[in-house]
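Enquirer:
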Amino acid sequence: MEVRTIEERSLGDLFSDLSRETSLLLRQEMELARVETSELISKMLRDSALAASGALIAYAGFLVLLGAAVYGLGTALPWWASALIIGGATLIVGLVLVAIGRSMLKNRSLKPRHTFESIKEDIQWAKRQAK
Numbered sequence: 001m002e003v004r005t006i007e008e009r010s011l012g013d014l015f016s017d018l019s020r021e022t023s024l025l026l027r028q029e030m031e032l033a034r035v036e037t038s039e040l041i042s043k044m045l046r047d048s049a050l051a052a053s054g055a056l057i058a059y060a061g062f063l064v065l066l067g068a069a070v071y072g073l074g075t076a077l078p079w080w081a082s083a084l085i086i087g088g089a090t091l092i093v094g095l096v097l098v099a100i101g102r103s104m105l106k107n108r109s110l111k112p113r114h115t116f117e118s119i120k121e122d123i124q125w126a127k128r129q130a131k
């Protein structure tokens, strides 16, 4: 195949190349978005599984500590009062933690940032080339 300079090539050839290269670029950007999103989801699932395992173990220990607190407070107050105090305090702490966790999850994004940045750069490059 003979290689010709841009000046020697027809306008149709140049547009054909532009179309082919643009199509290839879009396919590559889509693949990048897929890979990046897949990696983000994989990391979030792994981190979630680790957090859930730790939470289950901590929950078991927490129940034992709550029982000990009710028992200890039960020596000074009636059992029902000590259970009510410990249960109420635990409920308040739990609700605060749920609220904090929800607000942190709202700030999470699965948007493939690198892909979007790359697409923006490609658009800027194409605009500069068109001038």
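Numbering (UniProt numbering), first residue to last: 1 to 131. The C-beta atom is built at its ideal place from N, Cα and C for all residues, glycine as well.
(1) Between I41 and L110, which are expected to be in contact by the criterion C-beta below 8 Å, what is the C-beta distance as a whole number of angstroms?
(2) For I86, does the count of other Cβ atoms within 10 angstroms reach 16, so buried, or fall short, so exposed?
(3) Report the CB separation of E36 from H114 in whole angstroms; it is logged as a contact under 8 Å.
(4) What does the Cβ neighbour count give for V96, buried or exposed, with the cut at 16 atoms within 10 Å?
(5) How should P112 be labelled, buried or exposed, when 16 other C-beta atoms within 10 angstroms of its C-beta is the threshold for buried?
(6) Per DSSP, what kind of secondary structure is S48 in: helix, strand or coil?
(7) According to DSSP, simplified to helix, strand and coil, what is K111?
(8) DSSP on T22, reduced to helix/strand/coil?
(9) Measure the C-alpha to C-alpha separation of S82 and A51 and round it to an integer number of angstroms.
Expert: In brief:
(1) Looking up residue 41 in the sequence shown gives position 41. Looking up residue 110 in the sequence shown gives position 110. Confirmed, about 7 Å.
(2) Stepping through the sequence shown from its first residue, residue 86 is reached at position 86. Classification for I86: buried.
(3) Numbered from its first residue, the sequence shown carries residue 36 at position 36. Numbered from its first residue, the sequence shown carries residue 114 at position 114. About 6 Å separates the two Cβ atoms, so the contact holds.
(4) Locating residue 96 in the sequence shown gives position 96, counting from the first residue. It counts as exposed.
(5) The residue labelled residue 112 in the question sits at position 112 within the sequence shown. Counting the other Cβ atoms within 10 Å of the Cβ of P112 gives 16 or more, which makes it buried.
(6) In the sequence shown, counting from the first residue as 1, residue 48 sits at position 48. In this structure, S48 counts as helix in the three-state DSSP scheme.
(7) Start at 1 with the first residue of the sequence shown, and residue 111 comes out as number 111. Shown here, K111 sits in coil according to DSSP, grouped into three states, outside any helix or strand.
(8) Position 22 of the sequence shown, counted from the first residue, corresponds to residue 22. It is helical.
(9) For the purposes of this step, residue 82 is taken as the residue at position 82 of the sequence shown. For the purposes of this step, residue 51 is taken as the residue at position 51 of the sequence shown. Distance between the alpha carbons of S82 and A51: 31 Å.
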